[in-house]
Amino acid sequence: MKLIFAGTPEFAAAALKALIAAGHEIALVLTQPDRPAGRGMKLKASPVKEVALARGLSVVQPENLKTEDARQPILDAAADVMVVAAYGLILPEAVLAMPRLGCVNIHASLLPRWRGAAPIHRAIEAGDRETGITLMQMDRGLDTGAMLARAALPILDTDTSASLHDKLAALGADEIVALLPRLEHCVGENQDDARASYAKKIVKDDARLDWTRPAGELDRQIRAFAPTHALHAGEPIKIWRARPTAKNGEPGTILEVSRNGLLVACGSGALDITEMQKPGGKRLPVSAFLAGTPLKAGEHLE
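Note that the numbering used here gives residue 1235 to position 301 of the sequence shown, counting from 1, and the numbers run on in steps of one.
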C-alpha cells in the first residue's frame, strides 16, 4: 500500500521499520520538529526521522497541522492510509479524511482502557495484569475510534515501563503489518465508552515516593516511573529498582543495610532497594552506591 507514516519516538520507529521491511511504499513521514537534548541541548532528530532519512524517505516536521500549507504535503501524497504511532500532534478532521482509507493509530493499551498519553506507565502503576496493542480507526475524539485489531500480552511482576515499551513496540509493529493487507475490508468494533479510563500525562510528582503508602504500590510506582525520588538528610536520591518484602517498621526508616539491598519500611511492608543514583552520578547497584554514600539502619528517607 501507499502509506503516510506519522510518529516520533522509538515506539513509532519500530513500526516504521516493519512497514518498510514489509514492502509498503512510504510516500511521506511526519514527525515532531527537532528538539534540544543532551547536556549541550543541541537539536536532535526524533528516532522516526533518523529511520526515515536513513531510508531516503521524504520527511516533514510541522509545528501543527492547522493550516492548509502544513496539510498540503499530506494531500499531495495521495496515500491509501496514514499510520499513526505516538506522533504527538492532534490530527484535524480535514487530515483524518485525506487518505483514501483514513488514519489508523497504533495505541499501546487494550482500548477502551487507558486512552490518552501514558498508557504503558499507568497500566503498571495501576497493577494491571495485562495490556496490549489496539489498532484503531482514528476519529475526532481522544483514542475513541473503532477498534480494527487488538492483541494482548501479560504484565509481569518484573516489568518496567521500559521493558513493557519494547514488548509493545514489537507487538504493534507486527499487528500493523498484519492488518494492512485486509484493511480495506475490515469492519471496526465500536468502543464501550462506559468502560473507558484515561492515562493522564506524566508529571514530576509521579516520581516522588511517599513512604506511608504500601510497599506493593511503591514497587509499581518505581517500575512505572523510574527513576523515582526520595530525600536523605535533605539531599535527593534517585531510586531505580526495588522489590517489596513483608517486613514492617516506621515508614521511611532504613531497617537493614547490606551489600545486596537497602531495606526501607513503608506504610505496610518494606522495599528492598537494589539500584540507586546520586544527583550527577551514575545509576549503581546498591553495594556500589553505599560505598560512596554510607547509609545506616535507623536513618530515615523523606
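Every residue gets a Cβ at the ideal spot worked out from N, C-alpha and C, and that includes glycine.
Note on the stretch 1172-1234: whole alpha helix (DSSP H) runs with a minimum of 4 residues are 1220-1226, in chain order. Under the three-state reduction of DSSP output, R1034 falls in the coil class, being neither helix nor strand. Scanning G1226, V1121 and T942 for the CA closest to the CA of I1040 turns up T942. Between K1134 and A1199, the gap from beta carbon to beta carbon reaches 9 Å or more. For G941, no alpha helix (DSSP H) run applies; the uninterrupted beta strand (DSSP E) run containing it begins and ends at K936 to G941, by DSSP. K976 counts as exposed, since fewer than 16 other beta carbons sit within 10 angstroms of its beta carbon. In the structure shown, A1080 adopts coil according to DSSP, grouped into three states. Taken through DSSP and simplified to helix, strand or coil, P970 comes out as strand.
Beta bridge pairing from DSSP links I960 with L937.
With a cut-off of 8 Å on Cβ pairs, the stretch 1008-1022 is in contact with the stretch 935-952, counting three or more such pairs.
Using a Cβ distance threshold of 9 Å, D1127 and T1078 count as a contacting pair. Under the three-state reduction of DSSP, E1002 is assigned to helix.
Apart from the 5 residues on each side of it in sequence, A1158 sits with its Cβ closer than 6 Å to the Cβ of H1055, I1058, E1059 and S1095 in its chain, given in chain order.
Beta-bridge partners of H1099 (DSSP): none assigned. Pairing L1143 with L1152 gives a Cβ-Cβ distance under 9 Å.
The beta carbons of A1130 and P1046 sit closer together than 9 Å.
For L953, the enclosing alpha helix (DSSP H) begins and ends at E944 to A955. A1231 and L964 have their C-alpha atoms roughly 54 Å apart.
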